[in-house]
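**Q** In this note's numbering, the protein residues as written are 1 to 274.
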Amino acid sequence: MTSTYAPQTQYLELPGGRIAFDDSLGEGLPVLLLPGMLDSRTVFRHLHPLLTAAGHRVITMDLRGFGESSITWSDYSPAAMATDALALLDHLGIERAVLAGCSYTGASVVKAAGTAPERVAGIVLLDAFIENLPQNAVQRALVKALGALLVQVPSFWGLYLKKMAYPTAKPADFDAYVAGLVAALRTPGRKTATRGHVHGDASPIGWSRHVSCPALVLMGSKDPDFPKPEVVADRQAAALKARKVMIEGAGHYPAAEFPQATADALLPFLAEVA
């Protein structure tokens, strides 16, 4: 698997720091892609060229604390990421765009669509946690313990990515990519950002009811983060009145594991929204 993704980093200066992004430009429908927690916008490196080849203007942004964005912020929540996404649209002079959120930022694109419906033409959830099945006390305690371990032991994140998150097909550049993410977690000051991400609420209650735009739910059929991935996808689709597509064999990152299948599901939706 090869990629022609070669981002030219730009920066959006905000009161609390700066957000890194790249923009393919072009006349097609703008699509803003948000990575998940502890990740960078290069998670879309294999999907990006497939979308631009289809004529879309593709923008990818790094989240607060990671990638090339500033590390230290006062707020790392999905709601804060939604504010950043809308600020980026303002910065680029984009009136309406489709927003796609992966994992943690599925909640962010839902928040943005509910907050500024006039700006959001549609949303896409990629293996998002919003509308997840309720957790019991034991599950909540386990998530909290794993989050604390991740803050202190960055290699645990690499283990998760290598052994669980990509169950079927790893990209050719996978080892280097994971090594870069783990190294980033060891950057001075990064523990604060890591802690902010793992403590953020990626499955807030009530946000979906404010969304009126078209929505697409994409979910890997083998996503290890959910005991029953399709059940979660069904809940999301019902809450958002969305179309649901299961990416067969994919884990938590279908855009990187199965970029062509992800594009095949995404492009018809973008055409309808446009």
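Think of the CB as a built atom: it goes at the ideal place given N, C-alpha and C, for glycine as much as any other residue.
Nothing here was measured: the structure is a model prediction, and the numbers come from that model.
1. In this structure, what does DSSP give as the bridge partners for T60?
2. Going straight from the alpha carbon of T194 to that of E257, what length do you get?
3. Assuming P254 and G220 make a contact with CB atoms under 8 Å, what is their CB distance in whole Å?
4. When the Cα atoms are used, what is the spatial distance from G67 to A238?
5. Below 8 Å between beta carbons: does that hold for A172 and P224?
6. Would you kindly work out how many angstroms separate the C-alpha atoms of L126 and G180, rounded to a whole number?
7. Could you pull out every residue in the same chain whose Cβ sits closer than 6 Å to the Cβ of A116, ignoring the five residues on either side in sequence?
8. Mind the definition here: the stretch 119 to 134 touches the stretch 226 to 246 only if three or more C-beta pairs lie below 8 Å; say whether that holds.
9. So which of L34, G28, R45 has the shortest CA-CA distance to F174?
10. Hey, would you say V124 sits closer than 8 Å to L266, going by beta carbons?
11. I'd like the span of the beta strand (DSSP E) that includes K244, first residue to last.
12. Identify every run of the beta strand (DSSP E) within the stretch 86 to 137, keeping only runs that are complete inside it and at least 3 residues long; order them along the chain.
13. Since L14 sits in a beta bridge, which residues does DSSP pair it with?
**A** So, from the data block:
1. D22, L33
2. 24 Å
3. 5 Å
4. 33 Å
5. no
6. 22 Å
7. If we look at A116 and ignore the five residues flanking it on each side, its Cβ neighbours are L86.
8. yes
9. R45
10. Their beta carbons are under 8 Å apart, which means V124 touches L266 by this criterion.
11. 243 to 247
12. Here the runs fully enclosed are 97 to 102, 120 to 126.
13. Bridge pairing for L14: G17 [DSSP].
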